[in-house]
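Okay, structure first, notes after.
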Amino acid sequence: MTNETGDGVRRQLLRIIPCTLWVIGLTIGILLLLSQSAAATVGTELASSALSVPVLETSIAETLRDADGITQYALIFVLAAIPWLEIVVVIPIGVALGINPFGVALFAFLGNVLPIYGIIAFYVRLKAALGWEQPNPNSKTSRRKNWAKRIWNRFGLPGLALASPVIIGVHLATIIALALQSKKRTVALWMTVSVFVWTVALTVSAHYGIESIQTIVG
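Residue numbering for the sequence shown is 9 to 226, as defined by the working numbering.
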């Protein structure tokens with residue numbers, strides 16, 4: 009029964025993940041391409057307002073666009089290390105701006121995965137210093153934790169790790185996994201695998217999604 013359930017979950021993930029990646033790539037590609045096109049004629053602020061592009065994503069795109077060379081990659085590294093931005097936001101924007109996809113993927117991966125190891129190494133100290141033992145039940149973070157625990161209860165650590173980049177972020181997922189008494193090495197392994205898989209998938213989907221849009225619009 010357990011094997012059948014596991015096989016069913018894997019089949020569902022194989023159906024859902026490719027569609028999700030394609031939608032992410034197309035959606036962000038469309039928004040950024042339209043924003044860039046409109047900005048050329050009516051200005052960045054008006055374009056962002058008219059197209060309802062999220063302010064944060066627009067600011068990230070503008071910051072990366074204004075930088076060049078190694079500075080762009082350094083910014084990608086830093087942005088990918090910020091919780092809730094991470095690779096899901098940074099990679100599609102970087103690829104859409106025409107930055108080398110391999111460079112985007114590499115620096116986004118490193119920026120996203122290295123803080124995981126820091127959290128794991130210093131978890132006990134961080135827990136005591138930040139008061140993670142006494143969460144506020146009304147906070148958004150606590151609601152995200154409850155959501156993550158439901159995923160954990162159903163799919164275990166692998167499910168939490170693989171779902172975390174698009175649901176709660178890998179950094180919060182790492183904290184939750186450790187709080188649920190998972191072994192540190194196992195958490196590090198699954199979170200690294202998750203970040204790697206999503207980095208490759210997001211880079212490929214963003215690259216080909218944006219290429220498709222450019223082909224369509226001529």
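Beta carbons: idealized from backbone N, C-alpha and C, even for Gly.
Range of the contiguous alpha helix (DSSP H) that encloses residue i
i: Gly119; result: Pro109 to Ala129
i: Ala82; result: Ile78 to Ala88
i: Ala101; result: Position check: residue 101 holds Ile in this sequence, whereas Ala was assumed. Segment Glu94 to Ala104, the alpha helix (DSSP H) holding Ile101.
Close Cβ partners of residue i (< 6 Å) along its chain, the five nearest in sequence each way excluded
i: Val174; result: Val96
i: Leu170; result: Ser202
i: Leu122; result: none
i: Pro91; result: Gly177 and His179
i: Gly164; result: none
Short Cβ contact (9 Å threshold) for residue i with residue j
i: Ala196; j: Tyr125; result: yes
i: Ile101; j: Ala69; result: yes
i: Val112; j: Thr211; result: yes
i: Leu134; j: Trp160; result: no
i: Lys157; j: Ile184; result: yes
DSSP-derived helix/strand/coil call for residue i
i: Gly164; result: helix
i: Ser190; result: coil
i: Ile218; result: helix
Neighbourhood of residue i by C-beta, 7 Å cutoff - its chain only, sequence neighbours within 5 removed
i: Glu94; result: Ala88, Asn120, Pro173, Gly177 and Val178
i: Trp206; result: Ile95 and Pro173
i: Ala75; result: Leu83
9 Å Cβ cutoff, residue i in contact with chain B
i: Thr66; result: Here there is only one protein chain, and chain B is not present.
Contacting residues, own chain, Cβ-Cβ under 8 Å from residue i (five flanking each side not counted)
i: Leu186; result: Ile127, Ile128, Tyr131, Lys192 and Val195
i: Ser190; result: Leu165
Expected contact under 8 Å - CB spacing of residue i and residue j to nearest Å
i: Ala181; j: Met199; result: 7 Å
i: Phe115; j: Ile84; result: 5 Å
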